[in-house]
Amino acid sequence: MYDHIGLKVGNLDASVRFYTSALAPLGHILCSKDEASAGIGPKGEPALWLYLDKGASKGAAHIAFRARDHAAVARFHSEGLKAGGSDNGAAGPRADYSPTYYAAFLIDPDGNNIEAVCP
771 MYDHIGLKVG NLDASVRFYT SALAPLGHIL CSKDEASAGI GPKGEPALWL
821 YLDKGASKGA AHIAFRARDH AAVARFHSEG LKAGGSDNGA AGPRADYSPT
871 YYAAFLIDPD GNNIEAVCP
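In our numbering, the protein residues as written are 771 to 889.
Printed below as a string of structure tokens:
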């Protein structure tokens, strides 16, 4: 289990909009923000840090967030699409991962593969 993750982003406002929308169904909120960074996570526990970097490389990371149920996975996908993410796999079973694996995938504004999973 990780304590926190930091991602470099090219447009902080677009990334904050994407992550706060996509992760709200998983219980995450915007915990802090200034002109160069933002922290998102459960209330008072930012675990995902976004750092403004105009030279950020595209698509360097894959992050999977645990969801409490299938409905939260579906809401993650729906809200992430509305907030500017791109579809990389709708909510559904992933039997090739395991018989009970249920996930959805989005590409964030910087090209990172972001997943919500309910194993």
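Every residue, glycine too, gets a C-beta built ideally from N, C-alpha and C.
Bear in mind the structure is a predicted one, so any value in this text is a computation, not a measurement.
Query raised in the report: Per DSSP, which one or two residues make a beta bridge with Ala890?
Result: Because the chain here runs from 771 to 889, residue 890 falls outside it and cannot be looked at.
Query raised in the report: Would you say Ser785 reaches chain D, if we count a Cβ-Cβ gap shorter than 9 Å as a contact?
Result: The chain labelled as chain D is not found in the depicted structure, where only one protein chain is given.
Query raised in the report: So, are the CB atoms of His847 and Ala886 less than 9 Å apart?
Result: In contact: His847 and Ala886 (Cβ atoms closer than 9 Å).
Requested in this report: Please report the residue range of the alpha helix (DSSP H) in which Gly814 lies.
Outcome: In the DSSP assignment, Gly814 falls outside any alpha helix (DSSP H) and carries neither an H nor an E.
Report task. Quickly, what does DSSP pair Pro863 with across the bridge? List them, please. Result -> Beta bridge pairing from DSSP links Pro863 with Tyr872.
Query - Boundaries of the alpha helix (DSSP H) in which Lys778 is found, first to last residue - result: Element bounds for Lys778: not the alpha helix (DSSP H) but the beta strand (DSSP E), 775 to 779.
Query - N-terminal and C-terminal residue of the beta strand (DSSP E) that Leu910 is part of - result: Absent from the model: residue 910. The displayed extent of the chain is 771 to 889, so no value can be given.
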